[in-house]
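A.B. asks:
Number of protein chains: 2
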Amino acid sequence: MAQNREFGIGELSQRTAVNIETIRYYERVGLLPSPPRTQGGHRLYSSAHRKRLVFIRRSRELGFTLDEIRNLLGLVEGSYACGDVQEAALAHLKHIRLKIADLRRMERTLADTAARCEGGTAADCPIIDVLSRAPG
Amino acid sequence: MAQNREFGIGELSQRTAVNIETIRYYERVGLLPSPPRTQGGHRLYSSAHRKRLVFIRRSRELGFTLDEIRNLLGLVEGSYACGDVQEAALAHLKHIRLKIADLRRMERTLADTAARCEGGTAADCPIIDVLSRAPG
DNA sequence: GATACAATCTGTAGCGGCTACAGATACAAG
DNA sequence: CTTGTATCTGTAGCCGCTACAGATTGTATC
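If you read the protein sequences in the order shown, they are chains A and B.
According to UniProt numbering, the first sequence is numbered sequentially starting from 1.
According to UniProt numbering, the second sequence is numbered sequentially starting from 1.
And the structure:
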């Protein structure tokens, strides 16, 4: 037996660890459906909203953009094929790996350069040197 | 003998591979000093600007924020100690490493999950599963 | 009921780091 | 002098929130 209890935005926020402002933002941009309201206009959420919001949050944590999440949610809504979901995940994985590669290049350059730094005088600071030259 | 030739924003853009709009933006936010102008109001740059802009671009490529770059430029302007520059670089390196760690967590989770995916039916897609659960 | 105080409401503006226009001038070549 | 390009200013948009202000509800206590 499901607990069909409804709750306000504050409780939803606490139970999902998503900011109240962010929840309203997700509603505005169409990620979270507009919930029913009290007579006074306060939003009333149910566990379906909570689940969806957890899904969104988790996807954000894994680096999906809101657009990608919209896509995923679209898949989940319909009768999706697991392969479609996998495809989206692998595409995103590719993105992540590119970003990692980028960052590791930066890391190496910076670490190498900083290692050559011996706190000497101004004229020959290797870091400034590196920053002053276009990359080869 | 230095070539004291002056040139327009278009040439500066080409020689530094920085967008024209971005150059003007850097001027607006105080990263690049306002150059002299022609009578008609067109900007006239010299090699000092070019060098500074290359420095900015290179720093951006290494992931420094505009604020950090302002800082670095401030150091370079004055009679900086190499140690100060190194400190800034190492602080930034720390940031980068945190980001890499974040991304690698995402990568692992996604790769692991996607690997368990066999293109089966909807009900038991492991990716959806992962996304539906708060991280533990 | 009245009252106090918390929760929520709407709407708007800001962040960083650009990018993309529109509409008006300026400059260089023929 | 005309044509065509380069540049000018100013404004608005992108993403994913976050932070207000000022008004209104909801709830607990007396």
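All residues carry an ideal CB built from backbone N, CA and C; glycine is no exception.
Look at the alpha carbon of S79(A) and the alpha carbon of T113(B), and state the distance between them as a whole number of angstroms.
C.D. replies: 20 Å
A.B. asks: Would you mind stating whether I96(B) and G74(B) have Cβ atoms separated by less than 8 Å?
C.D. replies: no
A.B. asks: With 8 Å as the threshold, decide whether the Cβ of P135(A) is near any Cβ in chain B.
C.D. replies: By this cut-off, P135(A) is an interface position.
A.B. asks: If L44(B) and E6(B) are in contact, beta carbons under 8 Å, what's the gap, nearest whole angstrom?
C.D. replies: 4 Å
A.B. asks: Here's a check: name, in chain order, each residue in its chain whose Cβ is nearer than 8 Å to the Cβ of S8(B), leaving out the five neighbours to either side.
C.D. replies: Reading the sequence as shown, one finds Gly at residue 8(B) and not Ser. Taken in chain order, the residues that qualify are H42, R43, L44, Y45.
A.B. asks: F64(B) bridges to which residues according to DSSP?
C.D. replies: The partner list for F64(B) (beta bridge, DSSP) is empty, contrary to what the question assumes.
A.B. asks: Going by C-alpha to C-alpha distance, which of S47(A), H92(A), E27(A) sits closest to T65(A)?
C.D. replies: In terms of Cα proximity to T65(A), the closest of S47(A), H92(A), E27(A) is H92(A).
A.B. asks: Is any beta-carbon of chain A found at less than 8 Å from that of H49(B)?
C.D. replies: no
A.B. asks: Roughly how many whole angstroms lie between the Cα atoms of I23(A) and S13(A)?
C.D. replies: 8 Å
A.B. asks: Which first and last residues belong to the alpha helix (DSSP H) in which L12(B) is found?
C.D. replies: 9 to 16
A.B. asks: Does the beta carbon of G63(B) come closer than 8 Å to any beta carbon on chain A?
C.D. replies: yes
A.B. asks: Is there a Cβ of chain A sitting closer than 8 Å to that of R108(B), yes or no?
C.D. replies: no
A.B. asks: So, with DSSP's three-state summary, where would you put Y80(A)?
C.D. replies: In the structure shown, the three-state DSSP call for Y80(A) is coil.
A.B. asks: Would you decide whether T16(A) is buried or exposed? Buried here means 16 or more other CB atoms lie within 10 Å of its CB.
C.D. replies: buried
A.B. asks: Got a sec: does the ligand SAM put a non-hydrogen atom nearer than 7 Å to the Cβ of R15(B)?
C.D. replies: Absent from the structure shown: the ligand SAM. Ligands present: none.
A.B. asks: Using 8 Å as the threshold, is the C-beta distance between R133(A) and R58(B) below it?
C.D. replies: yes
A.B. asks: Which one or two residues does DSSP pair with R37(B) in a beta bridge?
C.D. replies: R43(B)
A.B. asks: Would you say K99(A) faces chain B, with C-beta separation under 8 Å as the test?
C.D. replies: yes
A.B. asks: Output yes if chain B places a C-beta closer than 8 Å to the C-beta of R37(A); else output no.
C.D. replies: no
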